[in-house]
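Just so it is clear: in the sequence shown, position 196 is 195 by numbering that gives the first Met the number 0, and no numbers are missing. Think of the CB as a built atom: it goes at the ideal place given N, C-alpha and C, for glycine as much as any other residue. The model shown is predicted, which means the values in this text are computed figures rather than measured ones. Here's the structure we're looking at; comments come further down.
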Amino acid sequence: MLDRNFFDTLQRLRLRMWHKSSLNMSGNRKSMHKGMSAEFSDFREYMPGDDLRRMDWNVYARLDKLYIREYMEEKEAVVSVLIDTSASMDYGAESKAELARDLAAVVSYLALSNMDRLRLYDIKDLSRGLVVGGGRSAFPRVLHWLERLDFSGQADMLGAARKLRPRGPGVTVLISDFLQEGMLDETAADYEKLLQYLQYCRQRPVVLHTMASEELRVSLEGALNLIDAESRSQLRLTVDAKAIDCYERELERLTDRMKKGCAKGRGTYVLCDTGRDRNRLVFQDLKVIYDI
0 MLDRNFFDTL
10 QRLRLRMWHK
20 SSLNMSGNRK
30 SMHKGMSAEF
40 SDFREYMPGD
50 DLRRMDWNVY
60 ARLDKLYIRE
70 YMEEKEAVVS
80 VLIDTSASMD
90 YGAESKAELA
100 RDLAAVVSYL
110 ALSNMDRLRL
120 YDIKDLSRGL
130 VVGGGRSAFP
140 RVLHWLERLD
150 FSGQADMLGA
160 ARKLRPRGPG
170 VTVLISDFLQ
180 EGMLDETAAD
190 YEKLLQYLQY
200 CRQRPVVLHT
210 MASEELRVSL
220 EGALNLIDAE
230 SRSQLRLTVD
240 AKAIDCYERE
250 LERLTDRMKK
260 GCAKGRGTYV
270 LCDTGRDRNR
280 LVFQDLKVIY
290 DI
């Protein structure tokens, strides 16, 4: 996991939202409702019962009419994080599972630092989720929850997302290698269905596509028995230059499809390499998901 000094440098950042919050709890996000924050919103004509302290006397002096100054009310937003804990994530010299934990920790810290409501989900078992708020004091609970995640078996990202019932607009972060048949198969289009569902729920999707360095830059060669980490099915394959070239072209097609699909749903896609230096990954590659 990342150290304390690393998280201290995140305090100036926050996750980008494209919906205003509609929740009732106070926070740092601009709400659809009017309130008493320091940020001016608009004028409206005075009505009996309005607070006279919000009267704009300069406007009255110019127009001879009473107007009230309105301000944006600040509410908390909801940040949901769905983590793929299937067996395929437990792969790599620097495993995708550890990268997933680090990415989830970064997103969680940003949410809590900005007084957002955080919802963490293990997509294999949504009942074991963690819902926290109240600022950075809740962050140790997040780290404890992340450390206890078990990366094994199979998972269904689309099925898990459809079981969620987001309360109002927010951000949903998906952390996965997306190595599921329906996600990889363009004819099944599970990835597109997932993004469409999130858009329907007024969620801004943030797709953090975790891949091991060994998957991005293949160095294997010769006749190999490949074993699926989840189904345990086997494939006999001769890995040569032609096979590697074919693999790299298909991988590029996949990442391009995912990126375009995410952009179409007003979301953000980031390819996250397990071998990438964490500082460069978080402060350079992920800057597209922040409001700075």
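- Annotated three-state conformation of S94 is coil, per DSSP.
- The alpha-carbon separation between T8 and Y108 amounts to approximately 11 Å.
- A straight-line Cα-Cα distance of about 35 Å links L157 and A240.
- The Cβ atoms of R116 and V170 lie no closer than 7 Å to each other.
- In this structure, L194 sits near G264, with a CB-CB distance shorter than 7 Å.
- Nearest to Y120 by C-alpha distance, out of Y199, V106 and D89, is V106.
- The shortest C-alpha to C-alpha distance from A103 to any of N113, Y190, R118 and K259 is the one to R118.
- With contacts defined by Cβ atoms closer than 7 Å, V287 and L207 do not form a contacting pair.
- Three or more beta-carbon pairs drawn from the segment 138-153 and the segment 78-88 are found closer than 8 Å, and the two stretches are therefore classed as touching.
- Listed in chain order, the non-local C-beta contacts of M54 below 6 Å within the same chain number zero, local neighbours out to five positions each way being set aside.
- In the DSSP annotation of this structure, the continuous segment of the alpha helix (DSSP H) that includes R277 starts and ends at R277 to F282.
- Using a C-beta cut-off of 8 Å, the segment 54-65 makes no contact with the segment 225-237, since fewer than three inter-stretch Cβ pairs fall below that distance.
- Judged by beta-carbon spacing, R15 lies beyond the 7 Å limit of D189, meaning their Cβ atoms are not closer than that value.
- Secondary structure of I226 (DSSP, three-state): strand.
- G128 is not a Cβ neighbour of A211, given a cutoff of 7 Å.
- Of the candidates W144, L142, I243 and R201, the residue whose Cα lies closest to the Cα of E220 is I243.
- Shown here for A137: same chain residues with a beta carbon closer than 6 Å to its own, the five before and five after excluded, namely L111 and V131 in chain order.
- With a cutoff of 7 Å on beta-carbon distance, A159 and I122 are scored as near each other.
- Unbroken beta strand (DSSP E) stretches of 3 residues or longer found wholly inside the segment 78-153: 116-121 and 124-131, given in chain order.
- Using a Cβ distance threshold of 7 Å, V205 and V172 count as a contacting pair.
- For the set R68, D63, I226 and K64, the Cα lying nearest the Cα of R52 is the one of R68.
- Annotation: L163 to D176 spans about 20 Å, alpha carbon to alpha carbon.
- Under the three-state reduction of DSSP output, L183 falls in the helix class.
- C200 and L223 have their C-alpha atoms roughly 44 Å apart.
- Here G169 carries a strand assignment [DSSP, helix/strand/coil].
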